[in-house]
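In what follows, a structure is listed as structure tokens, so that the remarks can point back to it.
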Amino acid sequence: ISDTVKCDLELPVIRADKRYFSLKHRGENNDHWGIVSDVAVEDGIRIITLRSTVQVHNHFNTPVDVYYMTARGNELECISTIEPGAIINIPLKAVYTPTNELFFSIPGYSVTSTPFIWKDLQLNLSITKLMHCTPKSAGECNEPFVIKAVGETEQIFHESTNRHTMASTCYNIHLHPAVTLKNCLPVNIICCVQNIAEEKFVKPGETLQMPNVDPGTSTIVIRLPDYLEKEWSCQHDVVVNPPAFSVWQFDSYDSVTKVSLDLGMHVLTKGGSMVMSLYCPFWMLNKTDLLISYR
Numbered sequence: 000i001s002d003t004v005k006c007d008l009e010l011p012v013i014r015a016d017k018r019y020f021s022l023k024h025r026g027e028n029n030d031h032w033g034i035v036s037d038v039a040v041e042d043g044i045r046i047i048t049l050r051s052t053v054q055v056h057n058h059f060n061t062p063v064d065v066y067y068m069t070a071r072g073n074e075l076e077c078i079s080t081i082e083p084g085a086i087i088n089i090p091l092k093a094v095y096t097p098t099n100e101l102f103f104s105i106p107g108y109s110v111t112s113t114p115f116i117w118k119d120l121q122l123n124l125s126i127t128k129l130m131h132c133t134p135k136s137a138g139e140c141n142e143p144f145v146i147k148a149v150g151e152t153e154q155i156f157h158e159s160t161n162r163h164t165m166a167s168t169c170y171n172i173h174l175h176p177a178v179t180l181k182n183c184l185p186v187n188i189i190c191c192v193q194n195i196a197e198e199k200f201v202k203p204g205e206t207l208q209m210p211n212v213d214p215g216t217s218t219i220v221i222r223l224p225d226y227l228e229k230e231w232s233c234q235h236d237v238v239v240n241p242p243a244f245s246v247w248q249f250d251s252y253d254s255v256t257k258v259s260l261d262l263g264m265h266v267l268t269k270g271g272s273m274v275m276s277l278y279c280p281f282w283m284l285n286k287t288d289l290l291i292s293y294r
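Residue numbering for the sequence shown follows my numbering, beginning at 0 and increasing consecutively.
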């Protein structure tokens, strides 16, 4: 397999499954090295992948760079770049290190200030960690890029048997935005984060990733640019544990007196992200040729 590991393996490939194989090798940190035989069938073709026990999944719509701490202990080395929606298999040399640490970065931002230690998953079925990448230069964006890393363990078969053992486990690290916003209104909305000049346009039914929102710290502003010939805006803090349903008040100052409009915000956790859905409980559609009013 490499210059330091010499091992012959007999891989069963009859079924599409995942199997753990020991390499009968101990690293400098006294870790037992192992690999995963991942057999899949696509379009009638059997695909066999030999990989390490650690995978990283990128759920962002921007590429993510992955780093590991080298054996020297004071130097990071880039493994690869994960494209949006893609998966990377962490190489063995980056898995079995003295610290077992992985770091991430985004273009225009520094490397995460704290690591994700994959070996902690050997003691926990799931680990969730908020990681921050600070901007490299002060400009339009002064807020950190927030990565919600969710590590999960997956039991697989041990070598050529149908048994699961403590060792026959692989680890999946999912990188999510901490917050996403879904527009459930039939009108366009504009969203921005406090201290960030850029505004995001969200069409009806679309979902916006908000990677610069840190729950418990950030404030967002949502605007309805053209509803009832007025512009409406709402400024609201994003809390760590929001209620499932809440009312957000939108105000308009386009007339002599301030006018307010109440809309609903539904919040749930999906795939590691806080999904915020802006909606209206009741919506009246005028399909006549007449101007009507509701009292």
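Built from N, CA and C at the ideal position, the CB exists for glycine as well.
### Message
If distances are taken between C-alpha atoms only, which option among SER217, PHE115 and SER276 comes closest to VAL238?
### Response
For the residues SER217, PHE115 and SER276, the minimum Cα distance to VAL238 belongs to SER217.
### Query
Is the stretch 74-84 touching the stretch 35-49, taking contact as three or more C-beta pairs under 8 Å?
Contact between the stretch 74-84 and the stretch 35-49 is absent, because fewer than three Cβ pairs lie under 8 Å.
### Message
Tell me which residue opens and which closes the alpha helix (DSSP H) that VAL94 is part of.
### Response
91-94 is the span of the alpha helix (DSSP H), which, as asked, contains VAL94.
### Task
Note down, in chain order, each residue of its chain lying with its Cβ closer than 8 Å to the Cβ of THR80, except the 5 sequence neighbours on either side.
So the qualifying residues of the chain are PRO62, VAL63, ASP64 and VAL65.
### Message
HIS31 and ALA166 - do their beta-carbons sit closer together than 8 Å?
### Response
Taking 8 Å as the Cβ cut-off, ALA166 and HIS31 qualify as a contacting pair.
### Residue span of the beta strand (DSSP E) that contains LYS286, given as start and end
Per DSSP, LYS286 belongs to no beta strand (DSSP E) and is neither H nor E.
### Bridge partners - ASN88, DSSP secondary structure assignment
The bridge partners DSSP lists for ASN88 are GLN54.
### Query
What residues in its chain sit with their C-beta under 6 Å from that of LYS229, if we drop five residues either side in the sequence?
Sequence-distant partners of LYS229 (beyond 5 residues in either direction) whose C-beta falls short of 6 Å from its own C-beta, in its chain, are SER251 and ASP253.
### Message
I believe LYS181 touches ILE189 by the beta-carbon criterion, under 8 Å. Please report the beta-carbon distance rounded to the nearest angstrom.
### Response
About 15 Å separates the beta carbon of LYS181 from that of ILE189, a gap too long to meet the 8 Å contact definition.
### Cα-Cα separation, ILE0 to LYS269
Because the pLDDT at ILE0 is just 49, under 50, the model does not fix this residue reliably, and the point stays unresolved.
### Message
Tell me which residues share the same chain as LYS17 and place their Cβ nearer than 8 Å to its Cβ, disregarding the 5 neighbours each side in the sequence.
### Response
Taken in chain order, the residues that qualify are VAL35, SER36, ASP37, VAL38, GLU153, ILE155, PHE156 and CYS169.
### Task
Could you check what DSSP says for ASP253 in three-state terms: helix, strand or coil?
Here ASP253 sits in coil by DSSP.
### Query
Comparing alpha-carbon positions, which option in GLY215, GLU82 and ASN29 lies nearest PRO97?
Taking each of GLY215, GLU82 and ASN29 in turn and checking the Cα distance to PRO97, the smallest one comes out for ASN29.
### Query
Cα-Cα, which of GLN54, CYS233 and PRO210 is closest to VAL220?
Shortest Cα-Cα distance from VAL220 to any of GLN54, CYS233 and PRO210 involves CYS233.
### Task
Determine, using beta carbons only, whether VAL274 and THR179 come nearer to each other than 8 Å.
Yes, they are a contact pair.
### Query
For ASP16, which of helix, strand or coil comes out of DSSP?
Note: ASP16 maps to coil in three-state DSSP.
### Query
For LEU122, does the three-state DSSP call read helix, strand or coil?
Coil.
### Query
Who are MET165's beta bridge partners in DSSP?
None, per the DSSP bridge assignment.
### Message
Among the candidates GLU151, SER276, VAL55 and TRP117, whose CA atom is the shortest distance from the CA of VAL246?
### Response
When only C-alpha atoms are compared, the closest one is SER276.
### Query
Shortest alpha-carbon distance to TRP282 belongs to which of ILE146, LEU262 and ASN88?
Answer by Cα proximity: LEU262.
### Message
Can you find the residues in the same chain that come closer than 8 Å, C-beta to C-beta, to LYS118, ignoring five residues on each side of it along the sequence?
### Response
For LYS118, where only same-chain residues beyond five positions count, the Cβ hits under 8 Å are ASN99.
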